[in-house]
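Before any comments, here is the structure.
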Amino acid sequence: MSQTQFVLGVPPPTWNDGEEFRIHCGISDGLTRNIEPIGNQFLAYVRRKLNNYSFSDDERIQAEAATEQAEEIILEDSEEETSELLNRDPKDWKEQDHYAVLGLSKYRWKATEEQIKHARMLLFY
Numbered sequence: 000m001s002q003t004q005f006v007l008g009v010p011p012p013t014w015n016d017g018e019e020f021r022i023h024c025g026i027s028d029g030l031t032r033n034i035e036p037i038g039n040q041f042l043a044y045v046r047r048k049l050n051n052y053s054f055s056d057d058e059r060i061q062a063e064a065a066t067e068q069a070e071e072i073i074l075e076d077s078e079e080e081t082s083e084l085l086n087r088d089p090k091d092w093k094e095q096d097h098y099a100v101l102g103l104s105k106y107r108w109k110a111t112e113e114q115i116k117h118a119r120m121l122l123f124y
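Per numbering that gives the first Met the number 0, the sequence shown starts with residue 0, numbered consecutively.
As structure tokens, then:
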């Protein structure tokens with residue numbers, strides 16, 4: 000293992016040998032700012048306060064709600080397969096609408112991992 004050596008210059012003549020460090024500037028004064036009550040974190044804070052939830056309670060309830068919502072979306076009717084989709088050549092995968100092939104064109108970027116996995120299993124079946 001190689002070692003790197005640094006050569007430090009000579010300290011200025013005003014340097015006191017008893018000093019280990021020197022303060023060049025102080026800490027600036029604090030500022031008073033107005034904070035607007037917006038955003039997801041604020042909404043989560045208010046939800047916890049109003050319902051007297053702890054962080055773990057709130058996370059558990061939100062996770063349960065998200066899974067119920069995902070299950071509802073998965074159980075909805077899937078899109079009909081058009082003859083154009085069925086006649087597509089798999090070699091032309093770059094030109095295909097992958098969400099339409101999976102039957103998720105109405106969800107696009109909102110599709111969850113679970114929905115995509117479910118659609119892929121249906122596609123392979």
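Beta carbons are placed, not taken as given, at the ideal position from N, Cα and C, and that holds for glycine.
Since this is a predicted model, take the numbers as computed values, not measurements.
Q | Between the CA atoms of T66 and L121 - distance to the nearest angstrom | A | Within the sequence shown, residue 121 is the residue found at index 122, counting from 1. Within the sequence shown, residue 66 is the residue found at index 67, counting from 1. Cα-Cα distance, rounded: 20 Å.
Q) According to DSSP, is H117 helix, strand or coil? A) Start at 1 with the first residue of the sequence shown, and residue 117 comes out as number 118. Three-state result, H117: helix.
Q) Are the beta-carbon atoms belonging to L101 and R87 less than 8 Å from one another? A) Here residue 101 refers to the residue found at position 102 of the sequence shown. Here residue 87 refers to the residue found at position 88 of the sequence shown. Contact flag unset, no.
Q.
Distance check for N51 and S27, CA to CA, integer angstroms please.
A. Numbered from 1 along the sequence shown, position 28 holds the residue referred to as residue 27. Numbered from 1 along the sequence shown, position 52 holds the residue referred to as residue 51. Their Cα atoms are separated by approximately 38 Å.
Q | Cutoff 7 Å; reference N33; Cβ partners in own chain excluding five residues on either side | A | Mapped onto the sequence shown, residue 33 falls at position 34. Once the five neighbours on either side are set aside, N33 has no close Cβ partner at all.
Q. Is I115 near the ligand ATP, going by C-beta to nearest heavy atom under 7 Å?
A. No copy of the ligand ATP occurs in the structure displayed, which carries no ligand at all.
Q: Measure the alpha-carbon distance for A43 versus H117 and round it to whole angstroms.
A: As a first step, residue 43 is located in the sequence shown; it is residue number 44 there, counting from the start. As a first step, residue 117 is located in the sequence shown; it is residue number 118 there, counting from the start. Taking the straight line from one Cα to the other gives about 30 Å.
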